[in-house]
Amino acid sequence: EGDDVTYSYVGSVDGVVVEDLTGTSVPAERTVRDQVWTVQAIPNDGRIDGAVAEAGQTVLNTAPELTSVTLSNVAPQTNDVVEALVTSEDLAGDPLTYDYTWSVNGTALTVTGPTLDGSTSFDKDDTISVSVVPSDDGLAGTAMVSATAKAINSPPAPPTLDVPEVVLASEGDDVICAIGEDATDADGDTITHTVTWEADGKAYPGSVSGSSGPTTTDLTNDT
70 EGDDVTYSYV GSVDGVVVED LTGTSVPAER TVRDQVWTVQ AIPNDGRIDG
120 AVAEAGQTVL NTAPELTSVT LSNVAPQTND VVEALVTSED LAGDPLTYDY
170 TWSVNGTALT VTGPTLDGST SFDKDDTISV SVVPSDDGLA GTAMVSATAK
220 AINSPPAPPT LDVPEVVLAS EGDDVICAIG EDATDADGDT ITHTVTWEAD
270 GKAYPGSVSG SSGPTTTDLT NDT
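According to this note's numbering, the sequence shown is numbered sequentially starting from 70.
Pasting the structure below:
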């Protein structure tokens with residue numbers, strides 16, 4: 070008859086009517102993976118209801134999303150371990166796993182875990198980054214790449230010193246700082262030594278009256 074037609078809606082989830090949903094949409098926060106939502110549309114011309122139409126939809130899995138990927142140390146030394154720190158979200162609340170791809174100087178490595186060991190994987194001045202892909206039990210999300218870290222110089226490990234006990238040195242005798250075992254450097258740099266003396270807790274020779282200062286034999290200021 071050309072009357073204006075209005076519609077009313079009845080929504081249900083898994084066969085149970087949802088009384089408070091009477092509009093044309095379902096809020097995202099009300100849906101859960103694998104639910105079956107059904108809507109009935111009932112037309113009315115102002116006098117009488119018409120035939121009901123019905124449609125349904127299964128809620129599909131949504132891929133997880135990463136919210137951040139950072140590195141635990143942006144200036145690691147050569148033998149440090151760098152960890153990928155990941156935050157993510159999954160609308161279905163599924164447990165997530167992560168795939169890691171580490172890169173050094175722009176080249177992908179075969180390391181796939183959440184950490185990268187500098188003793189085997191990078192050296193001083195190398196740049197480091199990681200790409201992470203999140204997955205739930207059926208769907209992978211989009212990769213996210215961390216900011217780049219740069220490995221810095223590692224200080225050398227100290228040498229061992231062979232310094233005679235004071236009781237073994239007579240007045241006027243030299244006391245010599247002799248290296249028993251060389252210092253080592255994780256970066257393979259050439260090592261030099263600076264020797265600093267104290268006498269009775271005071272800087273020698275600067276704070277010791279009458280001192281003539283160290284002389285040199287094997288190392289600068291070693292005596």
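Even glycine gets a Cβ: it sits at the ideal position worked out from N, Cα and C.
According to DSSP, which residues form a beta bridge with residue 271?
Note: residue 271 sits in a beta bridge opposite 268.
Looking only at its chain, what residues have a beta carbon closer than 8 Å to the beta carbon of residue 123, apart from the 5 residues adjacent to it on each side?
Taken in chain order, the residues that qualify are 107, 108, 109, 110.
To the nearest angstrom, how far is the alpha carbon of residue 151 from that of residue 228?
Using only the alpha carbons, I get a separation of about 27 Å.
List the DSSP bridge partners of residue 107.
In DSSP, residue 107 forms a bridge with 81, 125.
How far does the alpha helix (DSSP H) with residue 188 in it extend, from its first residue to its last?
Residues 187-190.
Is it buried or exposed for residue 251, if we count other Cβ within 10 angstroms and need 16 for buried?
Answer is exposed; the Cβ neighbour count stays below 16.
Tell me the rounded alpha-carbon separation between residue 284 and residue 275.
Each residue's alpha carbon lies about 14 Å from the other.
Are residue 74 and residue 114 closer than 8 Å when you measure CB to CB?
Going by C-beta atoms, residue 74 is nearer than 8 Å to residue 114.
With a cut-off of 8 Å on the beta carbons, I'd call residue 209 and residue 200 a contact; round off their distance for me.
Residue 209 to residue 200, Cβ: 13 Å. No contact.
Would you call residue 189 buried or exposed, if buried means 16 or more other Cβ atoms sit within 10 Å of its Cβ?
So residue 189 ends up on the exposed side.
What separation, rounded to the nearest whole angstrom, lies between the Cα atoms of residue 172 and residue 220?
So the alpha carbons of these two residues sit roughly 13 Å apart.
Residue range of the beta strand (DSSP E) that residue 97 falls in?
Element bounds for residue 97: n/a, residue is neither H nor E.
Nearest CA to the CA of residue 117: which residue from 137, 148, 76, 157?
The option with the nearest alpha carbon to residue 117 is 76.
For residue 120, name the three-state secondary structure that DSSP assigns.
It is coil, neither helix nor strand.
Helix, strand or coil, according to DSSP, for residue 163 in the structure here?
DSSP places residue 163 in coil when its eight states are reduced to three.
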